[in-house]
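In order, the protein sequences belong to chains B and S. So the first sequence is numbered by numbering that gives the first Met the number 0: it starts at 0 and just counts up by one. So the second sequence is numbered by numbering that gives the first Met the number 0: it starts at 0 and just counts up by one. So the structure is just underneath, and the comments pick up after that.
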Amino acid sequence: MRTSLMAGVAAGTLFAAGFAAPAFADNHDMANLSVLHGVPDLTVDVYVNGELTLDDFEPGELAGPLELAAGTYSVALTAADAEDDSSPALGPVDLTLEEGMDYTAVAHLMENGDPTATLFTNDISETASGEGRLTVRHTAAAPAVDVWANGEVAFSGLANPDENMADLPADTYEAAVSLAGETDPVLGPTDVPVEEGMNTIVYAWGSAEAGNLDVAVQTVATHASMPSEVDAGSQGLADEGPFPAGAIILGAAAIAAAGVATRVVLVRR
Amino acid sequence: MIRPFAAATAIVVVVAGTAWAGATAMSPPERTEQVAAGRVEGFAPLPDFGPQAAPEAVAPAVLPPLPQAPPGPPTQPTRASAETPRLNLSGDIPVAPAGADDLVLPPKPAKLELRRVGIDMTVTDVGLEKDGSMELPDTASVAGWFRLGGNPGGGLREGQNSVIAAHVDDAVMGRGPFVTLRNSRPGDPVEVTLDDGSVRRYVVDRIEQTSKQKVDLEVVFGSPDGELVLVTCGRWDADVKHYEDNVLVWATPEGTR
Chain B
0 MRTSLMAGVA AGTLFAAGFA APAFADNHDM ANLSVLHGVP DLTVDVYVNG ELTLDDFEPG
60 ELAGPLELAA GTYSVALTAA DAEDDSSPAL GPVDLTLEEG MDYTAVAHLM ENGDPTATLF
120 TNDISETASG EGRLTVRHTA AAPAVDVWAN GEVAFSGLAN PDENMADLPA DTYEAAVSLA
180 GETDPVLGPT DVPVEEGMNT IVYAWGSAEA GNLDVAVQTV ATHASMPSEV DAGSQGLADE
240 GPFPAGAIIL GAAAIAAAGV ATRVVLVRR
Chain S
0 MIRPFAAATA IVVVVAGTAW AGATAMSPPE RTEQVAAGRV EGFAPLPDFG PQAAPEAVAP
60 AVLPPLPQAP PGPPTQPTRA SAETPRLNLS GDIPVAPAGA DDLVLPPKPA KLELRRVGID
120 MTVTDVGLEK DGSMELPDTA SVAGWFRLGG NPGGGLREGQ NSVIAAHVDD AVMGRGPFVT
180 LRNSRPGDPV EVTLDDGSVR RYVVDRIEQT SKQKVDLEVV FGSPDGELVL VTCGRWDADV
240 KHYEDNVLVW ATPEGTR
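Laid out in structure tokens, this is it:
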């Protein structure tokens, strides 16, 4: 049953998992990668391209974000006491990261309880003024679920390993998870903050059968527009002393440092 | 760069076993086959919906299932190829618990002080106006911190410049506290008190007055320099009843100069 999607969060804008052109990418040739450990009861080491990158990574922990050059990385998870990555518990898998994008690789259980890994692309496209983004991801050994926000079904029929998202007015939402079509929560309710310029990503992970279902939360910054103007006055009452227009008063330290200050001066000319 | 991770409060699992019986229905042979398939291909990125997708097209709400690897011998571990980019990690990788209770959002600016020029103001957070300009508190007595830029309290945009602006005057109170901003001098201490009571200290580095037409706001708001920039208006043009300039005070975190 996948009707009534977003019925309870009518004010929000439903988002496809697509991407607008990045407005402000700091490093166009870099990608951000976070790693979430969602396999219960298994402490692991994470190898990237054969190098031990995360030691003793515990279930429920989030690592990163790592700023990596775009490209393909080979990732393998081993038991925490392994001496190298020759006998991985999971992988190796190839992760292809594109420049300017933000990813979370999640080691988790499939619905049937087997471990797997999924690379999710985090939507960091700009949100509308006053809105933030909420993403929900089903990475638990459990059947399809409905995700509730403030007492209404916000996302219905979410199955492992799928995700859904919506842009919502910035606020704190009381989130809960039920089996699809049911009303009793199996997770939550718990408060989830949704802030302007931020994608709050909520994961259901663990195993229903083992009784260790849990929630993980990650936040990533979205692209944001800078103001076009700062219009900070209207009455003409500000004192106008001898301050030459276009002037910059520099401290001695700033001149000595030469870096930032000089750049700003150059920008002005 | 340490970034806060959210966290998690113990979520109570209200229903465990019986309601989830469906999860256990998978037969052992099926599991074996899944393992044999390696699921290595399953790591492929989820397909994207186009941004232009109609709401109806989005309504199914779930992404297509990940492709399964064809049955075959277990995939052998692969070595990084020559084209594989080098891992170039500097410093420790931040790792933190990600439970719902672990999520702690950074404190926000609540008060701004430049004692030498008599500024002691409440700060609130602001965004963008519909016309793309910076939103500001109506009253000149309150300053606005731009929440989509850097935050003196840290957070996801840590390291980006933080900007606090206020009207230099308004129709109700007349001249506001920021009228003295232009009297700041390099070396003046600046204090930002956050809403958790902690204080971030800065030192004025330079004061600038530039035409609004020429001021580069992408530098002001977007530079990854971790500076605090205080902004107001100056140079009234009586003919058009409009301030022509921005007055900007740039301050660096104490201890970094």
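Positions of the beta carbon are idealized from the N, C-alpha and C atoms, including for glycine.
### Query
Going by Cα to Cα distance, which pick from S/R114, S/R146, S/L104 and S/K129 is closest to S/V122?
Looking at the Cα atoms, S/R146 is the closest of the given residues.
### Message
Beta-carbon within less than 7 Å of S/M172's beta-carbon, same chain only, minus the 5 sequence neighbours each way: which residues are those?
### Response
If we look at S/M172 and ignore the five residues flanking it on each side, its Cβ neighbours are T138, A139 and S140.
### Query
From S/K267 to B/M225, what does the alpha carbon distance come to, in whole angstroms?
Residue 267 of chain S lies beyond the residue range present for chain S, which begins at 0 and ends at 256; the question has no answer from this structure.
#### Entry: Identity of the residue in S/D187, S/R199 and S/L216 nearest S/R205 by Cα
Taking each of S/D187, S/R199 and S/L216 in turn and checking the Cα distance to S/R205, the smallest one comes out for S/D187.
### C-beta atoms of B/A169 and B/E194 nearer than 8 Å
Closer than 8 Å, so yes.
### Task
Spell out whether any CB of chain S is found under 8 Å from the CB atom of B/A81.
Closer than 8 Å: no.
### Residues sharing a beta bridge with S/D238, DSSP
Under DSSP, no beta-bridge partner is assigned to S/D238.
### Query
Under 7 Å Cβ-Cβ, which residues of chain B neighbour S/D238?
Within chain B, no residue comes near S/D238; the closest Cβ sits about 11 Å away, beyond 7 Å.
### Task
Give a yes or no on whether the minimum CB-CB distance between B/E195 and chain S is below 8 Å.
At least one CB atom of chain S sits nearer than 8 Å to the CB of B/E195.
### Query
Can a CB atom of chain S be found closer than 8 Å to the CB of B/L53?
Residue-level contact by beta carbon holds for B/L53 and chain S, with a gap shorter than 8 Å.
### Query
For B/P269, which residues in chain S fall below 7 Å Cβ to Cβ?
Missing from the structure shown is residue 269 of chain B; chain B here goes from 0 to 268 and no further.
### Task
Determine, using beta carbons only, whether B/M29 comes closer than 8 Å to chain S.
False, the Cβ-Cβ gap to chain S never drops below 8 Å.
### Message
Pull the bridge partners of S/K129 from the DSSP assignment, please.
### Response
Residue pairing for S/K129: DSSP places it in no beta bridge.
#### Entry: Inter-residue Cα distance where the pair is S/G154 and S/D238
Spanning the two alpha carbons is a distance of roughly 44 Å.
### Task
Identify whether S/P105 lies in helix, strand or coil by the three-state DSSP scheme.
Looking at S/P105 - three-state DSSP - the assignment turns out to be coil, as it is neither helix nor strand.
### Task
Output, in chain order, the set of chain B residues within a Cβ distance shorter than 9 Å of S/V230.
The CB of S/V230 comes closer than 9 Å to the CB of V229 and A231 in chain B, given here in chain order.
### Query
Do B/A179 and B/G210 have their CB atoms nearer than 8 Å?
At least 8 Å separates the beta-carbon of B/A179 from that of B/G210.
### Query
Which stretch, first to last residue, makes up the beta strand (DSSP E) that contains B/V146?
First-last of the beta strand (DSSP E) with B/V146: V144 to A148.
### Task
Have a look at S/D130 and B/T126 and give me their C-alpha separation to the nearest angstrom.
As the crow flies, the alpha-carbon of S/D130 is around 16 Å from that of B/T126.
### Query
Whole-angstrom Cβ separation of B/E162 and B/V135, contact assumed at under 8 Å?
Confirmed, Cβ separation roughly 7 Å.
### Query
Looking at the C-beta of B/E60, does it have a partner C-beta in chain S at a distance below 8 Å?
With a threshold of 8 Å between beta carbons, B/E60 makes contact with chain S.
### Within chain B, partners of S/G152 - CB distance below 8 Å
Ordered by position in chain B, no residue passes the 8 Å Cβ test against S/G152, which lies about 13 Å from the chain.
### Task
Find out if the Cβ-Cβ distance for the pair B/L65, S/I92 is shorter than 8 Å.
The answer is yes: Cβ separation under 8 Å.
### Task
Compute the Euclidean distance between the alpha carbons of S/G143 and S/M120, then round it to the nearest angstrom.
In this model, S/G143 and S/M120 are separated by some 10 Å (Cα to Cα).
### Message
Taking the straight line between their C-alpha atoms, what separation do you get for S/A53 and B/L167?
### Response
Confidence at S/A53 is low in this model, with a pLDDT of 33, below 50, so its placement is unreliable and the value that follows should be read with caution. Roughly 18 Å separates the two Cα atoms.
### Query
Whose C-beta lies closer than 7 Å to the C-beta of S/G126 among residues of the same chain, with five residues either side of it excluded?
The beta carbon of S/G126 lies closer than 7 Å to those of E134, R146 and L147 in the same chain, with the five residues before and after it left out.
### Message
Does chain B have any CB closer than 8 Å to the CB of S/E217?
### Response
Cβ-Cβ to chain B under 8 Å: yes for S/E217.
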